[in-house]
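Here's the structure we're looking at; comments come further down.
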Ligand SMILES: Cc1cc2nc3c(=O)[nH]c(=O)nc-3n(C[C@H](O)[C@H](O)[C@H](O)COP(=O)(O)OP(=O)(O)OC[C@H]3O[C@@H](n4cnc5c(N)ncnc54)[C@H](O)[C@@H]3O)c2cc1C
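Numbering (the numbering used here), first residue to last: 530 to 990.
What follows is the structure in structure tokens.
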């Protein structure tokens, strides 16, 4: 019965592929279909030709062969945090790596190895057992691979750089079906492209990257009433001049909706907050944040914490959630921008609008780096809202789009792929030299554009 439905709904007979795999294949019309095609971002309605849930590298390679034989493309996906930027998938197999999980830590070499579907909290907790820290982002359940292929902006970035540039090896199934372990010595062009160029260059099955000997940080949040937003954000901005690289911080407006998922003390309330993360000696960190404390926060949670607690400092939602958002990079944050930022965000359907301080090691170039060598822009911006209904989705989209339009005069020429939830011109995601090199590599490694990323890089013609 399942097979009859499979053919009738999609015209594609997935039976032969199903017979080859340890994992599963789900086709349109099957009972598991709606669950199988879900992304972490529940507002994204993915309608691919089929969903494959591989359990091994061999499953991935078999899917590549099947897709090629049927004139289909493949979109690898870890969690679907970045799914909003994907376009129509009707000619595409959605390959979800969520069953390919596993983390190994080599404490001597200070290297972690994560399989394709691993999420950040799994690495963070495994590394912490050895007194080590990874360059993880703000969310515990973002995928390690998607985050790292797109760059990777962590709480330790100003000290230790862009996540992709700490990668030491990547295992990948290429569009030609080859299983390759790539590093600086083996297939160096592919290795370079994968480190920041996004998911268009191969299907990653495992990734290895450096860890750092950090077990504790001095970090937390200073909370202020939202009617002090402009004053606090301007003070935070002035404070970010000349900070040591050990200090990373975010200036942020939070407007919590009155819903049960939000904890009682903050439910339905709005704040301007400064999040500070200091990876040096706590006493020195306390001295550095003294000017922010002097502003008189209503709540101050900055203290020495185990490094793994950074995964929940930003209070990102865990598990699938309906959300809409977008972001970019800013050439500067000045007083005028802050006034407009506050005007656009306060009272809007935006739940969180943040300005992240960059600079330090993320702005440093190095010939060993990958496709994202450095970010020159000194600040990044990201705004999002909860979108449980189509009306709420539209309202959040409009508010975020208005905010981006308002900040357009400050927008940097090149933006950050992982903070772009809307489709962008591919050339706007990379420096001109990187973009042209990525297109040439794509033309060699995947000339028919079999492998689709949420932010595609077209092969050079
Ligand atoms: C709540 C939240 C918090 C975030 N915080 C941060 C942050 O602090 N810092 C930061 O830098 N970013 C952050 N991001 C952005 C995040 O890094 C991107 O959305 C990233 O793409 C998510 O990766 P994923 O694998 O979870 O998502 P997916 O949607 O599964 O993957 C995104 C893309 O990565 C590629 N990809 C995934 N797996 C593979 C694979 N096995 N092989 C080849 N390509 C693959 C594909 O092109 C895919 O379209 C955040 C996003 C959200 C929603």
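Beta carbons are placed, not taken as given, at the ideal position from N, Cα and C, and that holds for glycine.
Taking all protein chains shown into account, residue 606 has 16 or more neighbouring C-beta atoms within 10 Å of its C-beta and is therefore buried.
With 16 or more other Cβ atoms from the protein chains shown falling within 10 Å of its own Cβ, residue 583 counts as buried. Bounds of the beta strand (DSSP E) holding residue 885 are 881-886.
Cβ neighbours of residue 792 within its own chain (closer than 7 Å, five residues either side excluded): none. For residue 708, no alpha helix (DSSP H) encloses it; the enclosing beta strand (DSSP E) starts and ends at 708-711.
Within 7 Å of the C-beta of residue 605 there is at least one heavy atom belonging to ligand 1. Residues 663, 665, 837 and 840 of the same chain have their beta carbon placed closer than 7 Å to that of residue 653, with the five preceding and five following residues left out of the count.
In the structure shown, residue 730 adopts coil according to DSSP, grouped into three states. In the DSSP assignment, residue 803 forms a beta bridge with 751 and 780. Within a 10 Å sphere around the beta-carbon of residue 973 sit fewer than 16 other beta-carbons, which makes this residue exposed. At a threshold of 7 Å, residue 544 does not count as near ligand 1, since its beta carbon sits no closer than that to any of the ligand's heavy atoms. CA-to-CA, the gap between residue 960 and residue 941 works out to about 11 Å. Residue 936 and residue 945 have their alpha carbons spaced roughly 15 Å apart. Residue state for residue 935 is assigned as helix, using DSSP reduced to three classes. Residue pairing by DSSP places residue 606 opposite 625 in a beta bridge.
Pairing residue 639 with residue 759, the inter-Cα distance amounts to about 42 Å.
Annotation for residue 650 indicates a beta carbon at 7 Å or more from all heavy atoms of ligand 1.
Scanning 795, 778, 609 and 688 for the CA closest to the CA of residue 572 turns up 609.
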